[in-house]
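Keeping their order, the protein sequence lines are chains A and B.
Per our numbering, the very first residue in the first sequence carries number 1; after that it's consecutive.
Per our numbering, the very first residue in the second sequence carries number 336; after that it's consecutive.
Reviewing the structure listed below.
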Amino acid sequence: MLLKELCSLCAPSGWEDEARKFILENIPAGEVTVDTMGNVIVHKKGKGKKIMVAAHMDEVGFIVSGFTDEGFVRFKTVGGILTTVLVSKKVVLGEKKVPGIISAKAVHLQKRDEREKLIPMSELYIDIGAKNKEEAQKLLDLGDYGTFDGEYTEFGDGLVKSKALDDRVGCAVLLELMRNEYKNDMYFVFTVQEEVGLRGAMIAANRIRPDLALVIEGTTCSDVYGTKPHETVTNIGGGAVMTAMDRAAVSDREYFELIKAVAARENIPLQIKRTSMGGTDAGSIQRSGGGTKTAVLAVPCRYIHSPVSVMSKKDFDSVGRLAAAVLKELEGREL
Amino acid sequence: MELLKKLTRCWSPSGREDNIRELIAAEMEPYVTDVYTDPMGNLICRKKGNGKRLMFAAHMDEIGFMVTNIDDKGFLRFVSVGGISAHNCVNRGVIFENGTRGVISYEKTVRDLNLDKMYIDIGAADRAEAEKKVSVGDMAGYDEDFALMGGCASAKSMDDRVGCYALIKAVQAAKTCPNDLYAVFTVQEELGLRGAKTASFNVEPDMGIAIDVSMVGDTPESAKHSLSLGKGPGVKLKDASFIIHPKAREFMLGAAKAAEIPYQLEAAAYGGTDAGAIHLSGGGVPSGTISVPTRYIHSPREVVNLADVENTVRLVTKMIETGI
């Protein structure tokens, strides 16, 4: 399955080679460019409006920032990862895919107040099983990247858990959408460095100068124990998520209403994101050049930016179907 | 002041500027060569002239609220659209575009006030009734009317409808147009100078001047700020978003002196205006900001002095009539 393969790729922001290679091998049609930032741009020529459909191929991860004499690896996070998520997690580092475990002082040695406190990132390290600094340095270099090691598993009622659902779900949707025929001038773009500030999308959009853009994402979801109903943000199984406004962009109003209407007509479940937190490539694309109308469709993911993000296959399917229907609708409509 | 009243009464939070754009376009059309809306929603009004491109920017959006949840009892949870402090909206009225009215209040105590613990009451009996009037993603604005008080006026959204007012009135009053003039009414300023970025990309101005409100330091025990009400428009030398370009400074001060308009110099430690986006667009644009001194910014009652407003109109008019 395409999504499973995409999720297994290690491609933290700035080091997207593995994802880029896989995507390049799996592009069904179109004229392909890799730009200076590393974005993959697939052009399917058409006579109508210029439409950019974007998903980011990078994921949150780690970068090696040093070694201790004992052979442990110092690291920094790449993109937004909560310190609470880190301890005892499996990671893979470097081109050799060196396995490691993020760790901290043994529980028995932690004083009572230490056990109750959050261990700061500066006191965490990655254990790669090396005996000393020299051995560790044989396996890894300063600046090597890494990601969580979080296997793709299906469980429960049509649920999936994996690392990197954000935003391999979007990449999978794009690879499918590309198979369809379009009247409009279509650009399918797999962007880099979204997790460190919507960077790749800005360059891609300035190159393409689209009239309209549709961003496909994995988004936050907190429909879990202990969350008040009004703070859940999105619901697993509640359908595709559309954003009205987040920290990066306000969706174009007519475009937003058009998508709502298409979802209702096609009977595709749709939920409006119930927070203004978070940001997507739409922020960069909207403000590129002389401005672009944007909208965002997303798959809700619990525990996002962790090795065990969780989504529903039904929601994933809803996003794919709705995106296809919206792109079709845009062939006959002016915005 | 009828136009200022009309502008501040208009409902248009950031990203939802359709109403105000329509209103301003109708005011501008008889006085300019060309009016168009760019993809972000900026209203770009061009008065063709033989000189260089001079762009003025006043933002037409206002701060507001967006509904994020409707509960079983019909109460709405919300987030702010732009910078809204919790204390500014306690038990204040809000209004939705369709005319639905509401009141913002808080959960348990007024201590540790936080927008996360506040809600909008629209008087609905339950969720079903609320959903007939409001959907998640809908926006609301403050519900406050324009009022005169002494030599001043108070209203919601003086920020930046007073800037829009000054720009409209100045274009209407200008007797000559030596520059290729672009009067731009921008969107989404309150969310981070977003509209001005794409507008200036489209216009490619030779000089950019923002017209916006700015804080004053003339109220009891207030924090220190350069400006006072009633002493004329401010010429902003810097804020967190830009530093005035020497060419812009010379142009602005030259116009003020030539027309004998009182003005105040202003240096602000924080805040930002559209000049912040304009001056970094393209290959760089000499930019400045005219400030309308304003009290209680981002509250439902922002106060300006009417003489300052008229002097701002005069200053902008003089600048329009002066070649850059």
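Glycine included, each C-beta is placed from N, C-alpha and C at the ideal position.
State yes or no: is the C-beta of residue i within less than 8 Å of the C-beta of residue j?
i              : j              : result
D461 (chain B) : K408 (chain B) : yes
M453 (chain B) : A421 (chain B) : yes
S222 (chain A) : V215 (chain A) : no
I81 (chain A)  : N184 (chain A) : no
F400 (chain B) : F391 (chain B) : no
V224 (chain A) : R302 (chain A) : yes
V91 (chain A)  : A136 (chain A) : no
D240 (chain A) : L159 (chain A) : Checking the sequence shown, residue 240 (chain A) turns out to be Ala, not Asp. No, these two residues do not count as a Cβ contact at 8 Å.
T147 (chain A) : G61 (chain A)  : yes
N537 (chain B) : I659 (chain B) : no
R381 (chain B) : D369 (chain B) : yes
P307 (chain A) : I236 (chain A) : no
I23 (chain A)  : T33 (chain A)  : no
I439 (chain B) : W346 (chain B) : no
E16 (chain A)  : G38 (chain A)  : yes
Y125 (chain A) : T68 (chain A)  : yes
R321 (chain A) : G278 (chain A) : no
G197 (chain A) : I304 (chain A) : no
S616 (chain B) : S535 (chain B) : yes
Y255 (chain A) : H43 (chain A)  : no
What does residue i reach in chain B if we use C-beta pairs closer than 7 Å?
i              : result
G291 (chain A) : D373, P374, M375 and T533
A244 (chain A) : M401 and G472
R287 (chain A) : R529, K532 and T533
Going by C-alpha distance, which of the options is nearest residue i?
i              : options                           : result
K357 (chain A) : A:V107, A:H108, A:T68 and A:I128  : No answer is possible for residue 357 (chain A): it lies beyond the span of chain A, which begins at 1 and ends at 335.
A54 (chain A)  : A:T275, A:G239 and A:M178         : A:M178
G393 (chain B) : B:K491, B:Q523 and B:K653         : Position check: residue 393 (chain B) holds Ala in this sequence, whereas Gly was assumed. For A393 (chain B), the nearest C-alpha among the options comes from B:Q523.
L165 (chain A) : A:E16, A:R333 and A:V310          : A:V310
V64 (chain A)  : A:V78, A:F22 and A:D58            : A:V78
D494 (chain B) : B:L358, B:T608, B:S622 and B:T372 : B:T608
L641 (chain B) : B:V570, B:A501, B:K468 and B:N354 : B:A501
L378 (chain B) : B:K387, B:N385 and B:M395         : B:M395
V651 (chain B) : B:V551, B:L516, B:A612 and B:A465 : B:L516
V644 (chain B) : B:K341, B:K592, B:D373 and B:I625 : B:I625
V107 (chain A) : A:P99, A:E116, A:G100 and A:I101  : A:E116
E585 (chain B) : B:S622, B:G611 and B:Y605         : B:S622
V85 (chain A)  : A:K293, A:E114, A:K163 and A:I236 : A:K163
L2 (chain A)   : A:D17, A:E25 and A:S13            : A:E25
R529 (chain B) : B:A612, B:T657, B:N404 and B:D353 : B:A612
Y598 (chain B) : B:A604, B:G589 and B:Y605         : B:G589
P269 (chain A) : A:E181, A:R247 and A:K314         : A:K314
D252 (chain A) : A:Q286, A:N267, A:A263 and A:T219 : A:Q286
E432 (chain B) : B:D447, B:R356 and B:R351         : B:R351
G291 (chain A) : B:G376, B:V445, B:Y605 and B:S549 : B:G376
V425 (chain B) : B:N449, B:M336 and B:S470         : B:N449
L174 (chain A) : A:T83, A:A29, A:L335 and A:S8     : A:A29
A545 (chain B) : B:C512, B:V551, B:D553 and B:H580 : B:H580
L142 (chain A) : A:G289, A:K131, A:G94 and A:A172  : A:G94
When we look at the beta-carbon of residue i and count the other beta-carbons within 10 Å, is it buried (16 or more) or exposed?
i              : result
S88 (chain A)  : exposed
E525 (chain B) : buried
S557 (chain B) : exposed
M57 (chain A)  : buried
G486 (chain B) : exposed
H614 (chain B) : buried
S284 (chain A) : buried
K467 (chain B) : exposed
L562 (chain B) : buried
F355 (chain A) : Examination of residue 355 (chain A) is not possible in this model, given that chain A is present from 1 through 335 alone.
Y371 (chain B) : exposed
D574 (chain B) : buried
E265 (chain A) : It should be pointed out that residue 265 (chain A) corresponds to Arg in this sequence rather than to Glu. So R265 (chain A) counts as exposed.
G618 (chain B) : exposed
P555 (chain B) : exposed
Can you list the residues of chain A that residue i reaches, using a CB-CB cut of under 9 Å?
i              : result
R351 (chain B) : V250 and R253
N537 (chain B) : G289, G290 and G291
V416 (chain B) : M245, V250 and S276
At 9 Å on the CB atoms, spell out the chain B contacts of residue i, in chain order.
i              : result
T280 (chain A) : Within chain B, no residue comes near T280 (chain A); the closest Cβ sits about 15 Å away, beyond 9 Å.
P269 (chain A) : Those do not exist, as P269 (chain A) stays about 14 Å from chain B at its closest Cβ, beyond 9 Å.
Chain A partners of residue i, CB-CB under 7 Å?
i              : result
D677 (chain B) : This structure does not reach residue 677 (chain B), given that chain B is present from 336 up to 659, and the question cannot be answered.
message = Report the start-end ranges of each alpha helix (DSSP H) in the segment 480-567 of chain B that is 4 residues or longer and not cut off at the edges.
response = 493-508 and 529-538
Length at least 3, wholly inside the segment 353-419 of chain B: the beta strand (DSSP E) runs in chain order = 369-372, 378-382, 388-394, 399-405 and 411-416
request  = Mind listing, in chain order, the continuous alpha helix (DSSP H) runs of no fewer than 4 residues lying wholly within the segment 18-98 of chain A?
outcome  = Unbroken alpha helix (DSSP H) runs of no fewer than 4 residues, entirely contained in the segment 18-98 of chain A, are found at 83-86, following chain order.
ask   = In the segment 271-315 of chain A, which residue ranges form an unbroken beta strand (DSSP E) of at least 3 residues, counting only runs that do not cross its ends?
value = 293-302 and 309-312
query = Residue ranges of each alpha helix (DSSP H) run of no fewer than 4 residues wholly in the segment 160-235 of chain A, ordered along the chain?
reply = 165-177 and 199-208
query = Looking at chain C, which residues of the segment 499-528 of chain B have a Cβ within less than 8 Å of any of its Cβ atoms?
reply = Absence of chain C from the displayed structure is noted, the protein chains being A and B.
query = Could you give the uninterrupted runs of the alpha helix (DSSP H) lying entirely in the segment 619-655 of chain B, keeping only those of 4 residues or more?
reply = 641-655
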